[in-house]
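Chemist: If you read the protein sequences in the order shown, they are chains V and G. Letter by letter, the first sequence follows residues 0 to 339 in numbering that gives the first Met the number 0. Letter by letter, the second sequence follows residues 0 to 339 in numbering that gives the first Met the number 0. Got a structure for you, written out below as structure tokens; questions coming shortly.
Number of protein chains: 2
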Amino acid sequence: MAVSVKEVAAEAGVSVGTVSNVLNRPQVVSERTVDKVAAAIEKLGFVRNDAARQLRAGHSRNFGLVVLDARNPFFMDVTQGAQRRALDNGYTVLMGSSDSSLTTEGQLLDLFEEQRVAGVLISPMHSDLSRLWKIRDSGTPVVLVDRGSGDRSFSSVSVNDVEGGRIAAQHLVDLGRKRIAFVGGPQSIEQVQHRLEGAQSIIAGTADAVLQYLPTAQLTVLEGRAVGERILAMEPEQRPDGIFAANDLLALGILQALVMSGSLSVPEDIALVGYDNIAFAESAVVPITTVRQPAEEIGRTAVDVLLREAEAGEDAVREQFVFTPKLVIRESTVGADNAS
Amino acid sequence: MAVSVKEVAAEAGVSVGTVSNVLNRPQVVSERTVDKVAAAIEKLGFVRNDAARQLRAGHSRNFGLVVLDARNPFFMDVTQGAQRRALDNGYTVLMGSSDSSLTTEGQLLDLFEEQRVAGVLISPMHSDLSRLWKIRDSGTPVVLVDRGSGDRSFSSVSVNDVEGGRIAAQHLVDLGRKRIAFVGGPQSIEQVQHRLEGAQSIIAGTADAVLQYLPTAQLTVLEGRAVGERILAMEPEQRPDGIFAANDLLALGILQALVMSGSLSVPEDIALVGYDNIAFAESAVVPITTVRQPAEEIGRTAVDVLLREAEAGEDAVREQFVFTPKLVIRESTVGADNAS
DNA sequence: TTATGAAAATGAATCGTTTCAATCACCCGA
DNA sequence: TCGGGTGATTGAAACGATTCATTTTCATAA
Numbered sequence: 000m001a002v003s004v005k006e007v008a009a010e011a012g013v014s015v016g017t018v019s020n021v022l023n024r025p026q027v028v029s030e031r032t033v034d035k036v037a038a039a040i041e042k043l044g045f046v047r048n049d050a051a052r053q054l055r056a057g058h059s060r061n062f063g064l065v066v067l068d069a070r071n072p073f074f075m076d077v078t079q080g081a082q083r084r085a086l087d088n089g090y091t092v093l094m095g096s097s098d099s100s101l102t103t104e105g106q107l108l109d110l111f112e113e114q115r116v117a118g119v120l121i122s123p124m125h126s127d128l129s130r131l132w133k134i135r136d137s138g139t140p141v142v143l144v145d146r147g148s149g150d151r152s153f154s155s156v157s158v159n160d161v162e163g164g165r166i167a168a169q170h171l172v173d174l175g176r177k178r179i180a181f182v183g184g185p186q187s188i189e190q191v192q193h194r195l196e197g198a199q200s201i202i203a204g205t206a207d208a209v210l211q212y213l214p215t216a217q218l219t220v221l222e223g224r225a226v227g228e229r230i231l232a233m234e235p236e237q238r239p240d241g242i243f244a245a246n247d248l249l250a251l252g253i254l255q256a257l258v259m260s261g262s263l264s265v266p267e268d269i270a271l272v273g274y275d276n277i278a279f280a281e282s283a284v285v286p287i288t289t290v291r292q293p294a295e296e297i298g299r300t301a302v303d304v305l306l307r308e309a310e311a312g313e314d315a316v317r318e319q320f321v322f323t324p325k326l327v328i329r330e331s332t333v334g335a336d337n338a339s
Numbered sequence: 000m001a002v003s004v005k006e007v008a009a010e011a012g013v014s015v016g017t018v019s020n021v022l023n024r025p026q027v028v029s030e031r032t033v034d035k036v037a038a039a040i041e042k043l044g045f046v047r048n049d050a051a052r053q054l055r056a057g058h059s060r061n062f063g064l065v066v067l068d069a070r071n072p073f074f075m076d077v078t079q080g081a082q083r084r085a086l087d088n089g090y091t092v093l094m095g096s097s098d099s100s101l102t103t104e105g106q107l108l109d110l111f112e113e114q115r116v117a118g119v120l121i122s123p124m125h126s127d128l129s130r131l132w133k134i135r136d137s138g139t140p141v142v143l144v145d146r147g148s149g150d151r152s153f154s155s156v157s158v159n160d161v162e163g164g165r166i167a168a169q170h171l172v173d174l175g176r177k178r179i180a181f182v183g184g185p186q187s188i189e190q191v192q193h194r195l196e197g198a199q200s201i202i203a204g205t206a207d208a209v210l211q212y213l214p215t216a217q218l219t220v221l222e223g224r225a226v227g228e229r230i231l232a233m234e235p236e237q238r239p240d241g242i243f244a245a246n247d248l249l250a251l252g253i254l255q256a257l258v259m260s261g262s263l264s265v266p267e268d269i270a271l272v273g274y275d276n277i278a279f280a281e282s283a284v285v286p287i288t289t290v291r292q293p294a295e296e297i298g299r300t301a302v303d304v305l306l307r308e309a310e311a312g313e314d315a316v317r318e319q320f321v322f323t324p325k326l327v328i329r330e331s332t333v334g335a336d337n338a339s
């Protein structure tokens with residue numbers, strides 16, 4: 000059914016080698032022949048078989064990208080940035096979501112290995128990078144996304160999460176909040192861990208401020224809503240007056256629960272800070288103060304690094320990019336009244 | 000660098016054919032041999048080369064999915080549903096976003112053809128399906144997603160958009176709104192066109208109700224905000240008192256502009272209805288009334304249909320699934336006061 | 001002991017593209 | 001007219017997994 004170079008060659012009255020040359024290095028082929036072959040391709044509707052091409056090349060022109068949660072707009076933005084930059088260099092990006100599951104993460108990596116991707120971009124779950132070591136040893140470059148590589152053994156493009164945690168906590172403290180809650184989890188996700196650490200460091204250095212940790216199983220709106228319910232059910236004297244959520248989805252969920260109840264108001268009773276600055280944080284019931292990460296730029300940069308590593312091969316230099324997060328202040332901490 | 004079946008065969012002391020059998024039909028191989036081969040695979044870290052496998056098979060085990068906008072949570076949900084169902088059947092889904100550009104849509108289809116995908120799922124831009132005909136003629140099944148196939152020449156999984164438009168407009172009319180605005184575009188997107196038609200049919204049948212069309216170039220939050228500005232700038236007497244936005248992103252943007260201005264309130268001055276029921280519609284400044292589409296189910300069903308077509312080959316039966324949309328009423332039309 | 005058949009294992013051919021050493025065509029200067 | 005050189009073209013080998021017709025092995029019945 001499918002047309003192959005062989006048939007194109009027959010139609011154009013040339014050899015298969017020539018057809019291949021027309022496809023890949025037209026400058027070495029005479030103009031007349033290029034035209035003949037182009038006509039044959041057009042006539043027969045020939046489409047290159049990428050599998051055969053890859054087989055010969057030994058690897059594909061796809062990068063594999065593993066994100067923690069495809070439904071989180073933050074990761075969609077990262078993906079978008081990566082996709083575009085890759086496309087500009089003749090590569091495509093296969094995106095998979097690990098959904099914070101180690102098993103799924105492994106399956107995706109299996110898949111990418113079978114597909115012989117030209118490189119792996121991954122926002123890994125935890126600190127055991129042995130699987131990634133193996134992949135790189137087999138010749139496939141790996142770049143960590145949204146997560147630093149402690150020992151610099153991998154290239155990475157990340158944001159300083161500890162600093163992000165500090166910024167958020169400091170902001171709450173500056174507003175005079177004393178009973179701060181950190182919402183997020185699982186702790187096995189390093190980003191969450193670091194944001195918590197940052198917050199802890201600020202609270203520890205602040206007189207009579209206390210930090211309580213409200214763990215969640217995932218970083219979703221639904222989990223956020225559940226935490227909101229839990230907060231509503233607390234005794235007033237132990238209820239937090241400032242909440243730092245590990246991402247905007249959680250913050251959105253918490254906000255929803257609080258607002259729907261009608262008994263607690265944001266930011267008067269509870270000030271709320273999120274993380275990521277997804278587009279929807281701005282259009283929330285109460286626009287959410289958040290810590291901005293340059294999502295698209297992270298994606299773009301990660302692909303750039305990967306391209307360089309792929310280019311360099313064996314003796315590639317590891318690069319560490321660390322962006323600095325920025326606080327975006329909105330009504331969920333400062334209130335519309337105070338703001339204007 | 001990479002280990003091939005040949006080396007595994009040597010290590011295990013068997014032939015390559017046997018290794019392949021162990022991989023694909025272990026039941027025809029003696030248990031002892033299976034163990035030997037498994038040990039060799041483990042020892043050498045062998046990973047199947049999918050390109051070679053595909054080359055032989057003539058097609059891959061990937062489906063290609065083209066959505067209109069990867070950043071729209073609605074399509075992410077569709078993708079998620081498709082991804083999961085595909086994975087359960089041993090397939091994977093390559094997702095690409097056409098970003099409402101015909102050129103990009105074409106590029107993605109080129110890519111999918113080169114990759115010899117086992118099937119195409121597409122939310123096509125316009126009604127010229129000739130490209131899709133060609134793809135199907137070459138033996139690759141095609142299923143339209145979120146869009147019916149007028150003449151039933153393609154299988155499709157969609158939602159009745161005309162009905163959705165009717166529901167939304169009827170709701171606004173029932174609330175006593177007379178000057179209705181439809182926001183959305185480009186009209187080349189059939190879904191938008193149909194929703195508009197539905198709204199028109201209701202308005203046409205309602206005494207002294209008028210419909211004005213506010214076109215947009217895309218269905219994004221940003222465009223929505225621009226429309227919001229435009230509405231704010233209108234003379235009060237020609238300003239709409241009810242808005243039907245072609246999707247929730249637009250609605251969110253419009254809402255943002257109106258609320259930020261502080262001069263017009265929702266729903267008192269303007270009632271607002273969106274479309275899709277994305278998760279963020281519920282957590283908006285004013286929770287948005289919207290028309291729900293069963294996103295994940297659409298994705299799942301589409302893959303089911305594709306699997307059946309792929310199975311059946313030539314003489315596949317075309318299937319048309321049309322879901323019925325449902326109105327989800329929230330404060331953007333009914334107001335918190337009236338609601339409780 | 002030998003014949004018989006089932007089970008297991010083999011290995012060559014195949015998929016479609018790319019690469020590269022070898023060949024061919026052609027022009028120019030001697 | 002011939003040799004040398006350049007540019008264009010050729011065709012066979014290679015990539016790695018799968019398939020299938022063939023061969024080998026082995027247990028059992030005669």
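Heads up, the beta-carbon is just placed ideally off N, CA and C, and yes, glycines get one too.
My understanding is that VAL209(V) touches PHE243(V), with C-beta atoms under 8 Å, so please give their C-beta distance in whole angstroms.
Modeler: About 13 Å separates the two Cβ atoms, so there is no contact after all.
Chemist: Thinking C-alpha only, which one of VAL2(G), SER260(G) and VAL21(G) is nearest VAL46(G)?
Modeler: Taking only the C-alpha atoms, the option nearest VAL46(G) is VAL2(G).
Chemist: Would you decide whether ARG165(V) is buried or exposed? Buried here means 16 or more other CB atoms lie within 10 Å of its CB.
Modeler: Counting Cβ neighbours within 10 Å, ARG165(V) comes out buried, since at least 16 surround it.
Chemist: Can you confirm whether ASP49(V), when its beta carbon is compared against all beta carbons of chain G, has any partner nearer than 7 Å?
Modeler: At least one chain G Cβ lies under 7 Å of ASP49(V).
Chemist: Which residue comes first and which comes last in the beta strand (DSSP E) that contains ARG178(G)?
Modeler: Start and end: 178-183.
Chemist: Straight-line CA distance for ALA11(G) to VAL27(G)?
Modeler: Rounded to whole angstroms, ALA11(G) to VAL27(G) spans 17 Å at the Cα level.
Chemist: Give me whichever residues DSSP pairs with PRO293(G) in a beta bridge.
Modeler: PRO293(G) pairs with nothing; no bridge assigned.
Chemist: I'd like the list of long-range same chain contacts for THR219(V), defined as Cβ closer than 6 Å, with 5 residues on each side in sequence excluded.
Modeler: If we look at THR219(V) and ignore the five residues flanking it on each side, its Cβ neighbours are LEU248.
Chemist: At a CB-CB cut-off below 9 Å, which residues of chain G make contact with PHE73(V)?
Modeler: What PHE73(V) touches in chain G: nothing, since even the nearest Cβ is about 11 Å away.
Chemist: Determine the chain V residues that contact SER282(G) at a beta-carbon separation under 8 Å, and present them in chain order.
Modeler: What SER282(G) touches in chain V: VAL220, LEU251, GLY252, LEU254, GLN255, PHE279, ALA283 and VAL284.
Chemist: Less than 8 Å between the CB atoms is what I'm expecting for ASN159(V) and VAL304(V), so what's the real figure, rounded?
Modeler: About 17 Å separates the two Cβ atoms, so there is no contact after all.
Chemist: Run through chain V and tell me which residues come within less than 9 Å of VAL46(G), C-beta to C-beta.
Modeler: Here the neighbours are ASP109, GLU112, GLU113, ARG115 and SER137.
Chemist: State the DSSP-derived secondary structure class of PHE111(G), mapped to helix, strand or coil.
Modeler: In this structure, PHE111(G) counts as helix in the three-state DSSP scheme.
Chemist: So with CB distances below 8 Å, who are the chain V contacts of SER152(G)?
Modeler: The premise fails here: SER152(G) is roughly 20 Å from chain V at the closest Cβ pair, so nothing lies under 8 Å.
Chemist: Can the beta-carbon of ASP240(G) be found less than 7 Å from the beta-carbon of ILE269(G)?
Modeler: Contact flag set, yes.
Chemist: Compute the distance between the beta-carbons of SER357(G) and ARG317(G), then report whether it is under 7 Å.
Modeler: The requested residue 357(G) does not occur in the structure, where chain G is confined to residues 0 to 339.
Chemist: Grab the span of the beta strand (DSSP E) containing LEU213(G) for me, first residue to last.
Modeler: That run of the beta strand (DSSP E) goes 209-214.
Chemist: List the DSSP bridge partners of ASP275(G).
Modeler: Per DSSP, ARG291(G).
Chemist: Which of helix, strand or coil does DSSP assign to ILE328(V)?
Modeler: ILE328(V) falls in the coil class under three-state DSSP.
Chemist: Would you mind reading off the limits of the beta strand (DSSP E) that contains VAL158(G)?
Modeler: It spans 154-158 - the beta strand (DSSP E) in which VAL158(G) sits, taken as one unbroken run.
Chemist: Under a Cβ-count criterion, where at least 16 other Cβ atoms within 10 Å of its own Cβ denotes burial, should ASN337(V) be classed as buried or exposed?
Modeler: Summary for ASN337(V): the model assigns pLDDT 44, below 50, so the residue's position carries little reliability; its value from the coordinates is reported in the next sentence. Classification of ASN337(V): exposed, given that the 10 Å Cβ count is below 16.
Chemist: How should ASP207(G) be labelled, buried or exposed, when 16 other C-beta atoms within 10 angstroms of its C-beta is the threshold for buried?
Modeler: Per the 10 Å Cβ criterion, exposed.
Chemist: For SER339(V) and ALA280(V), I'd like the C-alpha separation in whole angstroms.
Modeler: Low local confidence applies: a pLDDT of 36 at SER339(V) is under 50, so the model's placement there is unreliable, and no value is given.
Chemist: Any C-beta of chain V sitting closer than 7 Å to the C-beta of LEU54(G)?
Modeler: Cβ-Cβ to chain V under 7 Å: yes for LEU54(G).
Chemist: Tell me which same chain residues have a C-beta within less than 7 Å of the C-beta of ASP49(G), skipping the five on either side of it?
Modeler: So no residue of the chain qualifies.
Chemist: What separation, rounded to the nearest whole angstrom, lies between the Cα atoms of LEU143(G) and ARG151(G)?
Modeler: Computed Cα separation, rounded: 10 Å.
Chemist: Look up ASN61(G) in the DSSP assignment and say whether it is helix, strand or coil.
Modeler: Of the three classes helix, strand and coil, the one that applies to ASN61(G) here is strand, per DSSP.
Chemist: Out of ARG176(V), GLN114(V) and GLN292(V), state which residue places its alpha-carbon closest to the alpha-carbon of ALA56(V).
Modeler: Comparing Cα positions, the closest option is GLN114(V).
Chemist: Identify the residues that DSSP records as bridge partners of THR91(V): which are they?
Modeler: Partner(s): ASN61(V).
Chemist: From ALA9(G) to HIS58(V), what does the alpha carbon distance come to, in whole angstroms?
Modeler: Cα to Cα, the separation comes out at about 24 Å.
Chemist: Considering ALA244(G), what are the terminal residues of the alpha helix (DSSP H) in which it resides?
Modeler: Per DSSP, ALA244(G) belongs to no alpha helix (DSSP H); it is in the beta strand (DSSP E), 241-244.
Chemist: DSSP on SER96(V), reduced to helix/strand/coil?
Modeler: In this structure, SER96(V) counts as strand in the three-state DSSP scheme.
Chemist: Quick one, are the C-beta atoms of ALA81(V) and VAL302(V) less than 7 Å apart?
Modeler: Contact flag set, yes.
Chemist: Take MET124(V) and list the residues in its own chain whose beta-carbon comes closer than 6 Å to its own, dropping the five residues that flank it on each side.
Modeler: The answer, listed in chain order, is LEU101 and GLU104.
Chemist: Would you kindly work out how many angstroms separate the C-alpha atoms of LEU254(G) and PRO266(G), rounded to a whole number?
Modeler: Straight-line Cα distance between these residues: approximately 10 Å.
Chemist: Assuming VAL284(V) contacts SER282(G) under a Cβ cut-off of 8 Å, what Cβ separation, rounded to an integer in Å, is found between them?
Modeler: Their Cβ separation, rounded to whole angstroms, is 6 Å, which keeps VAL284(V) and SER282(G) in contact under 8 Å.
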